[in-house]
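Numbering (the UniProt record's numbering), first residue to last: 1 to 96.
This is the structure in structure tokens:
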């Protein structure tokens, strides 16, 4: 799952740089399929899907006007994906 989230994040980054060249629909479809098998992380996936959907809707605005709200939508999606990736990193909290 971590690799899938990283792939979506990479596409999102390229979409921010060139909004008309990347299709975020593919990312959304991939995330929706992954959510089905995410187990206890389904809510996290739902939040990521919502954030990427907002970025998708901001694509045209980003391309033509470059408004702060369009940039903010991408920033929110980027942070959601970052947090999702972090949730799959192994941590060892054992003090011994």
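Glycine residues also receive a C-beta, built at the ideal position from the N, C-alpha and C atoms.
Boundaries of the alpha helix (DSSP H) around residue 75: 68-87. Between residue 52 and the set 16, 64, 89, the nearest pair of CA atoms involves 16.
Under the 10 Å beta carbon count, residue 73 is surrounded by 16 or more other beta carbons and is classified as buried. In the three-state reduction of the DSSP assignment, residue 20 falls in the helix class. Judged by DSSP in its simplified three-state form, residue 44 adopts helix. Per the C-alpha coordinates, the member of 1, 78, 80, 18 positioned closest to residue 38 is 1.
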